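Worksheet: the structure to be examined is printed underneath.
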Amino acid sequence: METQTMQTTPSTQIVNVGGYSIGGPEFTVIAGPCSIESREQFLETAMGVKASGAHLLRGGIWKMRTSSKDFQGLGTSSFDMIKDVCKQTGMSLVSEVTDARQIEQIYDVVECFQVGSRNMHNYALLKELGMQKKPVLLKRGFAALITEWVKAAEYVTVGGNPNVILCERGIRTFETSTRNTLDLNAVAFAKKNTSLPVIVDPSHAVGIRALVPDLAYAAAAVGADGIIVEVHPRPAEALSDGMQALTLNDFKVMMNKLDRILDAIDRPLHTQLQSEGAVVYAN
Numbered sequence: 001m002e003t004q005t006m007q008t009t010p011s012t013q014i015v016n017v018g019g020y021s022i023g024g025p026e027f028t029v030i031a032g033p034c035s036i037e038s039r040e041q042f043l044e045t046a047m048g049v050k051a052s053g054a055h056l057l058r059g060g061i062w063k064m065r066t067s068s069k070d071f072q073g074l075g076t077s078s079f080d081m082i083k084d085v086c087k088q089t090g091m092s093l094v095s096e097v098t099d100a101r102q103i104e105q106i107y108d109v110v111e112c113f114q115v116g117s118r119n120m121h122n123y124a125l126l127k128e129l130g131m132q133k134k135p136v137l138l139k140r141g142f143a144a145l146i147t148e149w150v151k152a153a154e155y156v157t158v159g160g161n162p163n164v165i166l167c168e169r170g171i172r173t174f175e176t177s178t179r180n181t182l183d184l185n186a187v188a189f190a191k192k193n194t195s196l197p198v199i200v201d202p203s204h205a206v207g208i209r210a211l212v213p214d215l216a217y218a219a220a221a222v223g224a225d226g227i228i229v230e231v232h233p234r235p236a237e238a239l240s241d242g243m244q245a246l247t248l249n250d251f252k253v254m255m256n257k258l259d260r261i262l263d264a265i266d267r268p269l270h271t272q273l274q275s276e277g278a279v280v281y282a283n
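So that you can map any letter, position 76 of the sequence shown is 76 in full-length UniProt numbering, and since no number is skipped, the others follow by simple counting.
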């Protein structure tokens, strides 16, 4: 997994999440709210993004916030509701784990553990995730070098879990017009120099709703294996990160254009199949 300078034909390993092969020829879209706020909000969002072609759900159960006074997520009280929504929609959840003690708690709730930017250097957490069987989506620290990002992933793989997906989510630079600066250089470099699949989070990268689709298109064009985007039925009412969340209609419009861009580079979206009343997905 260590970087190999000037590797021109990398072999990306496949990481299966909820029936989807991330890192293969198809493009994967993960979408949902920054925070799961209620059953109604989560179900409405899940059904909306599914109808527009999303493959996996995202949604925060616990949220790491800069201010201790901000909404921190529903926590354990949301587990039964989340399971019910996932069952009803036939979709699997990707959600952030912020503490090693949470892994066992949410093991049966999520299909993929997300490690947020602030926790990329939390080596105790990474080591614990290395002993799990479920995939890990590792976000790049907002001030981390690419080599530090890759070495953080090694804490998981060396521990025995090869199922790591790298996620570029923007880095902190001198520029203040946007929330962060999306480093597409890092996406191209990681794809050429590691064997891990790489996805992009345009929502956290830019922090401005109107610019999220453009960065999603750029991520697809540069060779990312997928995107993870924030969607909320009513962003103005969101308890966290409403300014960067797409509306359900925004997401639908973005997916239509994204499909055309992917078609131009011979990289289709995963297909959706109907089975026994629920939506399941096949490559």
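Here a beta-carbon is modelled for each residue, glycine too, at the ideal position from N, C-alpha and C. Given the structure is predicted, the values throughout are model-derived calculations rather than measurements.
Quick check on the burial criterion: 16 or more other C-beta atoms within 10 angstroms. Buried or exposed for D263?
It is exposed - the Cβ of D263 has fewer than 16 other Cβ atoms within 10 Å.
Decide if V110 is buried, meaning its Cβ has at least 16 other Cβ atoms within 10 Å, or exposed.
Buried is the call here.
Please go through the same chain and pick out, in chain order, the residues whose beta-carbon is closer than 8 Å to the beta-carbon of G116, but skip the five residues on each side of it.
Only M64, E96, T98 and K139 meet the Cβ criterion.
Which residues in the same chain as I82 place their Cβ atom closer than 6 Å to its Cβ, once the five residues preceding and following it in sequence are excluded?
Taken in chain order, the residues that qualify are V109.
When you compare only the Cα positions, how much space is there between G48 and G32?
If I take the Cα positions, the gap works out to 9 Å.
What is the residue span of the alpha helix (DSSP H) that A236 lies within?
No alpha helix (DSSP H) holds A236; DSSP gives it neither H nor E.
So, with DSSP's three-state summary, where would you put Y20?
Y20: strand per DSSP, three-state reduction.
Between the beta-carbon of G170 and the beta-carbon of M91, is there less than 9 Å?
Result no, Cβ atoms of G170 and M91 do not sit closer than 9 Å.
What would DSSP say about Q132, mapped onto helix, strand or coil?
It is coil, neither helix nor strand.
How far does the beta strand (DSSP E) with A54 in it extend, from its first residue to its last?
Taken as a continuous stretch (DSSP letters only), A54 belongs to no beta strand (DSSP E), as it is neither H nor E.
In whole angstroms, give me the CA-to-CA distance for N180 and P202.
So the two alpha carbons sit approximately 10 Å from each other.
Which class does I103 belong to by DSSP, given the choice of helix, strand or coil?
Correct three-state label for I103: helix.
Which parts of the stretch 162-201 are runs of the alpha helix (DSSP H), unbroken and 4 residues or longer, counting only runs that do not cross its ends?
Complete alpha helix (DSSP H) runs here, min 4: 184-193.
Among H55, T147 and K192, which has the Cα closest to the Cα of M255?
Out of H55, T147 and K192, H55 has the C-alpha closest to the C-alpha of M255.
Return the bridge partner residues of F113 from the DSSP annotation.
DSSP output for F113 lists S95 and V136 as bridge partner(s).
When DSSP labels each residue in this structure, what does A144 get in the three-state scheme?
Coil, per DSSP.
Comparing alpha-carbon positions, which option in E44, S38 and A51 lies nearest L74?
With distances taken between Cα atoms, L74 lies closest to S38.
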